[in-house]
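A.B. asks: Below you'll find the structure I mean.
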């Protein structure tokens with residue numbers, strides 16, 4: 002079945018460092034891909050999405066490109082802030098509605 | 027506008043007791059999802075509804091779990107009897123779904139209910 006694999010965390014960075022969180026997927030067909038973020042004590046929020054190959058999703062300085070040839074959707078940000086500390090989930094959609102999530106990657110940013 | 031509302035936020039109960047979790051989706055949304063989040067298994071979809079009708083309950087772990095959506099503004103997830111391994115954070119999410127195209131849009135998550143079964 003469909004699945005999402007994320008790099009294990011935690012990822013620990015200093016403020017203004019470059020961030021990459023790797024995500025690869027296995028899917029039949031052509032799913033949409035998503036990054037969700039979860040701040041402590043809160044539910045998940047959609048960060049960005051891409052619906053077809055070569056699409057780039059972006060939001061709040063974060064970017065991810067849908068790479069069909071490598072089945073990847075890596076999350077990047079050029080300069081992280083302390084406020085970006087959270088858990089990040091990569092996900093794909095099955096049949097337009099069902100979401101399959103990765104295990105999440107915790108990001109810790111220190112001043 | 028109010029987001030997805032879940033209650034209670036925290037629930038502590040003893041093994042064998044019945045537990046009911048509640049969710050109010052965003053007004054106007056016609057799809058509702060129940061998820062469970064644990065350290066061991068991550069985030070799992072339990073069941074989802076379109077227009078108050080259960081579409082896929084393949085993620086419901088056992089017959090002890092049941093979910094209902096009596097109207098567009100309310101859903102419950104019930105565990106009876108509860109067991110310690112049910113301890114988790116349960117999230118409800120809602121979205122818009124267009125029946126004609128079969129396309130669903132962004133899911134909005136509630137804050138979750140942290141369930142502890144002792």
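Residue numbers (our numbering), protein chains in the order written: chain A, 2 to 112; chain B, 27 to 144.
The C-beta atom is built at its ideal place from N, Cα and C for all residues, glycine as well.
Since we're looking at a predicted model, the values are computed, not measured.
1) Assuming contact is defined by CB atoms lying nearer than 7 Å, are residue 39 of chain A and residue 106 of chain A in contact in what I supplied?
2) Can you find a C-beta in chain B that's less than 7 Å from the C-beta of residue 43 of chain A?
3) Would you tell me roughly how many angstroms separate the C-alpha atoms of residue 139 of chain B and residue 47 of chain B, rounded to the nearest one?
4) Return the chain-ordered list of same chain residues with a C-beta closer than 7 Å to the C-beta of residue 94 of chain B, the five sequence neighbours on each side being excluded.
5) Would residue 31 of chain A and residue 47 of chain A be called neighbours here (beta carbons separated by less than 7 Å)?
6) So which residues of chain A does residue 57 of chain B contact, with C-beta pairs closer than 8 Å?
7) Alpha carbon to alpha carbon, how far is residue 29 of chain B from residue 64 of chain A?
8) CB-CB under 6 Å to residue 64 of chain B, same chain, minus the five flanking residues each way: which ones, in chain order?
9) Which of the residues in the stretch 79-109 of chain A, read from start to end, lie with their CB under 9 Å from any CB of chain B?
10) Spell out whether any CB of chain A is found under 7 Å from the CB atom of residue 85 of chain B.
11) If contact is defined by three or more beta carbon pairs under 8 Å, each pair taking one atom from either stretch, is the stretch 90-102 of chain A in contact with the stretch 66-73 of chain B?
12) How many Å lie between residue 59 of chain A and residue 50 of chain A at the Cα?
13) In three-state terms, what does DSSP make of residue 80 of chain A?
14) For residue 140 of chain B, name the three-state secondary structure that DSSP assigns.
15) Thinking C-beta only, is residue 141 of chain B closer than 7 Å to residue 40 of chain B?
16) Give a yes or no on whether 7 Å exceeds the smallest Cβ distance from residue 48 of chain A to chain B.
17) Would DSSP call residue 48 of chain B helix, strand or coil?
C.D. replies: According to the data block:
1) no
2) yes
3) 7 Å
4) 101, 102
5) no
6) 98
7) 26 Å
8) 114
9) 90, 92, 94, 96, 97, 98, 99, 100, 101, 102, 103, 104, 105
10) no
11) yes
12) 8 Å
13) coil
14) strand
15) no
16) no
17) strand
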